[in-house]
Every structure is written in C-alpha cells, then in structure tokens.
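Peer 1: Structure incoming, see below.
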Amino acid sequence: SDTVDGGYFVLEHGTEDAFLCHPLTEYKRLLDQKSKVYLCIADPSSVPGVPGWPLRNLLTLAYLQWPSELSHSVLCLRQPTRLSVTSIASSLLLQVKLGHKPGEGVGDTMEPPPCVGWEKDNTGNMNPVMLDLSKTMDPQKLSDQACELTLQLMRWRVVPSLDINIMQSTRCLLLGAGTLGCNVARGLLGWGITHMTFVDSGSVSYSNPVRQSLYGFADCHNGGRKKAGAAAEALRLIRPSVVSSGVHLTIPMPGHSPGPSRRQEVLDAVQRLQDLVGQHDVIFLLTDSRESRWLPSLLAASQNKLVITAALGFDSFVVIRHGSKTDRRADAPAPGGSSCSTFDYAKKLVPGQHLGCYFCNDVVVPSNSQQDRSLDQQCTVSRPGISMMAAAEAVELMASVLQHSLGMDAPSGPDSSEGVLGCVYHSIRYFMSSHQLITPVTPAFKQCSACGQQILSRYEEEGTEMLLKVFDSSDYLEKISGISELRCLSSLEAVQECASSFDISESEEES
C-alpha cells in the first residue's frame with residue numbers, strides 16, 4: 001500500500017490489541033503522543049536471529065532524522081511460506097539503542113561507517129564490487145536472452161555448426177506488408193533477425209487483420225493506418241529491441257506509365273528503393289502483382305543481393321531464390337543448352353551463379369495486369385492457410401542459404417544436401433488441392449527481362465532513362481531483353497518445321 005514505502009513503515013500498537021500502519025513520516029508524531037510504536041522493515045533475511053541489510057539503512061535514517069531518540073523498537077517482519085502456509089513467527093522484534101548524539105562525537109563529523117564487501121582489483125586497491133543486474137531485471141534484456149536461448153538450444157542439441165551471429169546481423173527488406181509480409185516477419189523474428197524494413201503503399205482495411213497477423217482492429221479505424229508503419233510498430237511490441245521501420249512507397253512498374261506530372265515522383269521512388277536495396281542484405285519480394293516484382297529484382301541483381309520471392313495462387317504457391325551474380329559469365333546457360341563446366345551432371349547440381357530469377361521462366365515480360373480488371377479481380381484470393389506455408393518456406397530458404405558455406409552461390413539440385421540445414425533448393429511449388437510439392441531447378445535465362453545481362457548492361461549505361469521507357473511501355477522491355485527477337489525466331493522455326501512436314505510434288509504445285 002501507500003503506507004509501506006520501499007519496505008519501511010511504522011506499526012502502532014493501538015487499543016484493544018489493534019495494530020495500525022503508518023508511513024515513516026508519522027513516527028515522530030506518534031512518539032510525541034506516547035504511543036507504542038515500532039519501526040518496521042520487510043526483512044529479506046532467512047537466517048534465524050540475524051536481520052537483513054535493510055536494517056542498517058533504517059537505523060542510519062533514525063540516527064540522522066530523529067537525533068533526540070536513541071532507543072527504538074524495531075520489528076523485522078518475515079513472511080516465509082512453507083507447505084503453502086504463510087507465517088510471521090520467524091520475525092524478529094529488537095530493542096535497538098543508538099550511540100552518540102550529534103554534537104557529542106562521531107555523529108557531528110558524519111564520517112562514513114566502515115565498509116564491507118570490498119575486494120582488491122587488478123592493481124591491488126580495495127574497491128567495491130560492482131554488479132550489472134540489468135540483464136536479470138530489465139524486461140527488454142530478459143526478452144532478448146530468452147529469444148537467443150531458443151537459437152542456442154538449436155545449436156547445442158541439434159545443429160552444432162549453426163551460425164547464430166550471421167542470422168542476428170542480417171538486415172532484411174520486406175517489399176509488401178500484406179499477408180505474406182506479416183507472416184514472413186514473424187518467421188524472421190524466430191530466427192533472431194532484429195533489423196527489418198517494410199515497404200508498402202497500402203493502408204490497413206477491415207478485411208486485413210484476420211489474415212495479416214501484425215494488424216488489429218484498431219489499425220483499421222479512420223481509413224486505416226499505413227501498413228508499413230503499423231507492421232514495424234507491431235514488431236517492436238513483440239520484441240522491443242527490434243530495429244524495424246516502415247516506408248510508405250509505391251513501387252514503379254512496367255506498363256504503368258507515370259506521365260509527365262508524376263515523372264519526378266517516380267524517379268524519387270526509384271532512388272529510394274535503390275537505396276533501401278543497398279542498405280539490406282536479403283530482399284523479400286512479397287507483393288501481390290507480377291509487375292511489382294520487376295524493379296526490385298533488377299535493382300537487387302545489379303547489387304548482387306540475395307532475393308527471395310514468394311507468390312500465391314488460390315491453392316498454390318511458389319517460393320524461389322534468385323541466382324547470384326558472382327562471376328556470372330556473359331554466356332549464362334539458357335533453357336535447352338548448358339555448358340559442361342557450368343553443371344555438375346554427376347550430382348545434378350546447378351551452381352548459384354547460374355540459377356534463374358523469378359522472371360527467368362517466362363518469355364512474356366511483365367506488364368500492367370491491373371488495367372482491364374474489375375475491383376474484385378484485382379484482389380488476391382487464396383486459401384487462408386496457404387500464405388503461412390509460403391512464408392515459412394521463404395524464411396527457411398533464406399536461413400538455409402545464409403547457413404551454407406557458399407552463401408548465395410550455394411548450388412541447387414535434387415542431391416544438394418550438404419548445407420548446414422540440409423538441401424538448399426532453388427524453388428518450391430506447392431499445390432494444395434493435390435497436396436503435391438515439387439522443387440524444380442531453373443537455370444538463368446539469357447533473355448530474362450529482369451536479370452539478363454542485356455538488361456543489366458542497359459541499366460548500367462542508361463540508368464533511370466531506361467527505366468522510364470520501361471514504365472511507359474512494357475514493349476520496350478521486351479525489345480531490349482531480346483525476347484521479341486526470340487519469339488520471332490521461334491515463330492519462323494515453327495513455320496519452317498510446318499512447311500517441311502508437307503511433301504509437295506511438282507504436279508500438285510502446278511495444279
């Protein structure tokens with residue numbers, strides 16, 4: 001109660017054996033009234049007949065605060081619990097008589113009492129022993145220790161070579177703070193990731209909290225909070241030491257022409273996104289449209305960042321890691337043709353430098369997929385549990401890559417099980433309707449619209465001018481990537497093959 005201040009209080013023995021509690025400020029008044037009073041402490045000592053250290057503080061206070069009173073009745077209150085029974089029978093009742101009055105000797109000089117508990121330091125001098133108890137008393141540090149303990153148990157009991165430090169020092173950029181973004185962030189927290197940045201252009205709506213685990217009902221009020229900021233704040237509520245931030249940003253996309261009025265806005269967005277990619281180690285592409293993944297894929301490829309893409313269907317998902325650009329040769333293998341020096345046919349492994357990205361499987365460049373769709377067709381529709389499965393696979397894929405001795409260059413294939421956490425696959429596709437899971441390996445595509453060497457070289461030479469042309473028209477992207485030429489060549493070969501299948505005789509030709 002308010003009467004007990006720091007474990008110190010005054011107990012008055014009233015009439016009819018009633019006891020009343022008072023604060024220490026009432027002690028002198030009660031003494032003047034000739035009341036029977038006791039100075040009381042909550043005694044932490046459990047040694048019979050020996051009071052705890054707080055009694056020294058109380059007696060020092062009495063000596064200085066009430067110098068005219070040399071005799072005090074002191075109750076050292078103990079309430080131990082044994083066999084579910086609490087008793088005060090072990091409490092001590094002491095009659096203490098103090099020494100000199102101020103002005104009669106030692107009290108006048110105010111010399112400090114002899115100190116105990118000092119030890120010799122490295123130089124041989126006597127100094128007090130200092131203990132930092134923040135790790136055992138600060139709730140935030142207790143939370144950090146508990147989170148780290150789980151990872152340490154994984155290393156001690158299951159994976160002795162697990163590198164915890166590389167996980168804790170990794171900075172993750174999450175592009176998309178929706179269903180996938182929220183679940184990926186929760187998974188990253190479990191791996192000890194403490195630096196995360198969200199990028200999103202949306203606001204929290206009333207339909208979001210049931211599927212997007214970082215938002216609540218209150219986030220939907222008044223038009224909804226910005227998703228990026230709300231998600232970052234939610235992470236800090238879960239683990240206060242997390243360095244999380246949110247960036248409200250619309251990612252420029254191919255075929256989404258900004259027009260002259262928004263040109264500078266788009267350029268600023270490109271620069272901001274480029275800076276964010278450079279400031280992080282792992283990029284998660286968790287947006288809800290194909291074209292919104294193109295610019296981050298290009299920027300990450302130009303800076304050789306680890307990229308993990310996750311995309312959802314109604315009852316399916318795909319998770320893929322983009323290949324690295326470490327020492328990638330200009331003649332990267334295309335589908336249907338590869339170099340013996342590139343692939344390990346004995347183990348069926350494709351090195352990380354020659355793995356494809358999210359766009360390497362397509363011969364159709366990303367374009368404006370929202371243009372001719374109604375509002376209901378623009379919304380992502382998927383089974384509720386599919387996003388959690390995809391997010392888990394994305395997080396664990398990142399962990400497997402980071403723990404591999406080759407990192408981003410880790411090879412992938414059906415027999416690639418030499419990683420610390422097992423197989424480091426290239427991509428995983430899951431179909432819930434048939435509960436089928438496959439892990440295909442796709443080599444890099446020469447004419448890829450995002451990571452192809454022609455695209456990267458053009459971006460390095462022209463920079464934002466090239467990007468603006470792509471934003472204005474996705475046909476330009478198809479042209480500079482070489483996909484349009486490839487399609488024309490494929491069409492010509494098809495015509496020639498069709499023509500060669502007919503044996504036209506001269507008589508038939510004349511007729």
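Mapping of the sequence shown onto full-length UniProt numbering: position 493 corresponds to residue 493, and the numbering continues sequentially without gaps. C-beta: ideal position from N, C-alpha, C; glycine also.
#1: Excluding the 5 residues flanking Ile-438 on each side, which residues of the same chain have their C-beta closer than 6 Å to its C-beta?
#2: Just tell me which of Arg-29, Gln-274, Tyr-358 has its CA closest to the CA of Ala-311.
#3: Going by the beta-carbon positions, is the gap between Lys-305 and Ile-320 smaller than 8 Å?
#4: Taking its Cβ as the centre, do 16 or more other Cβ atoms sit within 10 Å of Pro-128, making it buried, or is it exposed?
#5: Where do the ends of the alpha helix (DSSP H) carrying Gly-229 lie?
#6: Check each candidate in Cys-182, Leu-421, Val-184, Trp-191 and name the one with the smallest Cα separation from Leu-149.
#7: Which residues bound the beta strand (DSSP E) around Phe-284?
#8: Based on DSSP bridge pairs, tell me the residues matched to Leu-127.
#9: Applying the criterion that 16 or more other CB atoms from any shown protein chain within 10 Å of the CB defines a buried residue, is Ala-62 buried or exposed?
#10: Leaving out five residues on either side along the sequence, give the residues of the same chain with a beta carbon under 8 Å from the beta carbon of Cys-315.
#11: What do you reckon, are the CB atoms on Ala-394 and Leu-298 nearer than 8 Å?
#12: By the three-class DSSP mapping on this structure, what secondary structure does Ser-427 have?
#13: Tell me the residue span of the alpha helix (DSSP H) that contains Thr-309.
#14: Hey, His-248 and Ser-201 are a contact pair by Cβ (cut 8 Å); roughly how many whole angstroms apart?
#15: Report the three-state DSSP secondary structure of Met-196 (helix, strand or coil).
#16: With 16 as the cutoff for other CB atoms within 10 Å, does Gly-6 come out buried or exposed?
#17: Kindly indicate which three-state DSSP category Tyr-215 falls into: helix, strand or coil?
#18: Just curious, the beta strand (DSSP E) that Cys-147 is in, first and last residue?
#19: Using a Cβ-Cβ distance cut-off of 8 Å, determine whether Leu-24 contacts chain B.
#20: Might you give, ordered along the chain, the residues of its own chain that have their beta carbon closer than 8 Å to the beta carbon of Leu-375, omitting 5 neighbours on each side?
#21: Residues in the same chain with beta-carbon distance under 8 Å from Ser-369, minus the five sequence neighbours each way, listed in chain order, please.
#22: Tell me, please, which residues DSSP counts as bridged to Lys-36.
#23: From Val-270 to Pro-252, what distance separates their C-alpha atoms?
#24: Could you say if the stretch 179–186 and the stretch 230–239 meet the contact criterion of at least three C-beta pairs nearer than 8 Å?
#25: Rounded to the nearest angstrom, what separates Gly-99 and Cys-40 at their Cα positions?
#26: Rounded to a whole number of angstroms, what is the C-alpha to C-alpha distance between Leu-175 and Ser-134?
#27: Shortest alpha-carbon distance to Gly-413 belongs to which of Leu-402, Val-441, Gly-419?
#28: I think Val-96 touches Leu-64, with their Cβ atoms under 8 Å apart; what is that distance to the nearest whole Å?
#29: Is it buried or exposed, Ser-339, if we count other Cβ atoms within 10 angstroms and call 16 or more buried?
#30: How would you call Cys-488, buried or exposed, if buried means at least 16 neighbouring beta carbons within 10 angstroms?
#31: Asp-43: which of His-256, Gln-79, Pro-260 sits nearest, CA to CA?
#32: Once you ignore the five residues that flank Asp-362 on each side, which residues in its own chain have a CB closer than 7 Å to its CB?
#33: How big is the Cα-Cα spacing for Leu-93 and Thr-15?
#34: Check each candidate in Met-196, Lys-325, Lys-28, Gly-223 and name the one with the smallest Cα separation from Gly-452.
#35: Taking all protein chains shown into account, do 16 or more other C-beta atoms lie within 10 angstroms of the C-beta of Lys-36, making it buried, or fewer, making it exposed?
#36: Between the alpha carbons of Met-154 and Ser-161, how many angstroms are there, rounded?
Peer 2: From the atom records:
#1: If you number the sequence shown from 1, residue 438 lands on position 438. Excluding positions up to five away in sequence, the list reads Arg-429.
#2: Within the sequence shown, numbered from 1, the residue matching residue 311 stands at position 311. The residue with the shortest Cα to Cα distance from Ala-311 is Tyr-358.
#3: Position 305 of the sequence shown, counting from 1, holds the residue named residue 305. Position 320 of the sequence shown, counting from 1, holds the residue named residue 320. Going by C-beta atoms, Lys-305 is not nearer than 8 Å to Ile-320.
#4: As a first step, residue 128 must be located in the sequence shown, where it is residue number 128. Label assigned to Pro-128: exposed.
#5: To locate residue 229, count along the sequence shown from 1; it is residue 229. Note, Gly-229: alpha helix (DSSP H), 227–238.
#6: Stepping through the sequence shown from its first residue, residue 149 is reached at position 149. Minimum Cα distance to Leu-149 is reached at Trp-191.
#7: Stepping through the sequence shown from its first residue, residue 284 is reached at position 284. Run containing Phe-284: 282–285, per the beta strand (DSSP E) assignment.
#8: Translated into positions along the sequence shown, residue 127 becomes position 127. The sequence shown places Asn at residue 127, rather than the Leu named in the question. Glu-119.
#9: Numbered from its first residue, the sequence shown carries residue 62 at position 62. Buried, since its Cβ has 16 or more Cβ neighbours within 10 Å.
#10: Residue mapping note: residue 315 aligns to position 315 of the sequence shown, counting from 1. First, the residue type needs correcting, since residue 315 is Asp and not Cys in the sequence shown. Contacts found: Ser-382, Arg-383, Ile-386, Phe-431, Met-432, Ser-433.
#11: Reading the sequence shown from its first residue, position 394 is the one you call residue 394. Reading the sequence shown from its first residue, position 298 is the one you call residue 298. No, the pair does not count as a contact, with Cβ atoms beyond the cut-off.
#12: Working through the sequence shown from its first residue, we reach residue 427 at position 427. Looking at Ser-427 - three-state DSSP - the assignment turns out to be strand.
#13: Within the sequence shown, numbered from 1, the residue matching residue 309 stands at position 309. Where Thr-309 is concerned, there is no enclosing alpha helix (DSSP H), although the beta strand (DSSP E) it sits in stretches over 306–312.
#14: Taking the first residue of the sequence shown as 1, we reach residue 248 at position 248. Taking the first residue of the sequence shown as 1, we reach residue 201 at position 201. With a Cβ gap of about 6 Å, His-248 and Ser-201 count as contacting.
#15: Residue 196 sits at position 196 when you count from the first residue of the sequence shown. Residue state, collapsed to three classes: strand.
#16: What you label residue 6 is simply residue 6 of the sequence shown in a count that begins at 1. Under this definition Gly-6 is an exposed residue.
#17: If you number the sequence shown from 1, residue 215 lands on position 215. Of the three classes helix, strand and coil, the one that applies to Tyr-215 here is coil, per DSSP.
#18: Within the sequence shown, residue 147 is the residue found at index 147, counting from 1. No beta strand (DSSP E) holds Cys-147; the alpha helix (DSSP H) holding it covers 139–157.
#19: The structure shown contains no chain B; it is built from a single protein chain.
#20: Here residue 375 corresponds to residue number 375 of the sequence shown, with the count starting at 1. For Leu-375, the predicted structure reports a pLDDT of 49, less than 50, and the residue's modelled location is therefore unreliable. The matter cannot be settled from this model.
#21: If you number the sequence shown from 1, residue 369 lands on position 369. Taken in chain order, the residues that qualify are Ser-289, Arg-290, Glu-291.
#22: Here residue 36 refers to the residue found at position 36 when the sequence shown is read from its first residue. Paired residue(s): His-13.
#23: Here residue 270 is taken as the residue at index 270 of the sequence shown, counted from 1. Here residue 252 is taken as the residue at index 252 of the sequence shown, counted from 1. Rounded to the nearest angstrom, the two C-alpha atoms are 7 Å apart.
#24: yes
#25: The residue given as residue 99 occupies position 99 in the sequence shown. The residue given as residue 40 occupies position 40 in the sequence shown. Cα-Cα distance, rounded: 20 Å.
#26: Reading the sequence shown from its first residue, position 175 is the one you call residue 175. Reading the sequence shown from its first residue, position 134 is the one you call residue 134. If you take the alpha carbons of Leu-175 and Ser-134, they lie about 36 Å apart.
#27: The sequence position of residue 413 within the sequence shown is 413, counting from 1. When each option's Cα is compared against that of Gly-413, the closest is Val-441.
#28: Looking up residue 96 in the sequence shown gives position 96. Looking up residue 64 in the sequence shown gives position 64. About 15 Å; that fails the 8 Å criterion.
#29: Locating residue 339 in the sequence shown gives position 339, counting from the first residue. The predicted model places Ser-339 with a pLDDT of 40, which falls under 50 and marks its position as unreliable; any figure quoted below should be read in that light. The residue in question, Ser-339, is exposed, as its Cβ has fewer than 16 Cβ neighbours within 10 Å.
#30: Along the sequence shown, read from residue 1 onward, the residue named residue 488 stands at position 488. Classification for Cys-488: exposed.
#31: Numbered from its first residue, the sequence shown carries residue 43 at position 43. Asp-43 has its Cα closest to that of Gln-79, out of His-256, Gln-79, Pro-260.
#32: The residue labelled residue 362 in the question sits at position 362 within the sequence shown. Once the five neighbours on either side are set aside, Asp-362 has no close Cβ partner at all.
#33: In the sequence shown, residue 93 corresponds to position 93, counting from 1. In the sequence shown, residue 15 corresponds to position 15, counting from 1. Computed Cα separation, rounded: 20 Å.
#34: On the sequence shown, position 452 is the one that residue 452 refers to. Comparing Cα-Cα distances from Gly-452 to each of Met-196, Lys-325, Lys-28, Gly-223, the minimum goes to Lys-325.
#35: Counting from one through the sequence shown, the residue named residue 36 turns up at place 36. Exposed, by the Cβ-count rule.
#36: Mapped onto the sequence shown, residue 154 falls at position 154. Mapped onto the sequence shown, residue 161 falls at position 161. Taking the straight line joining both Cα atoms gives about 10 Å.
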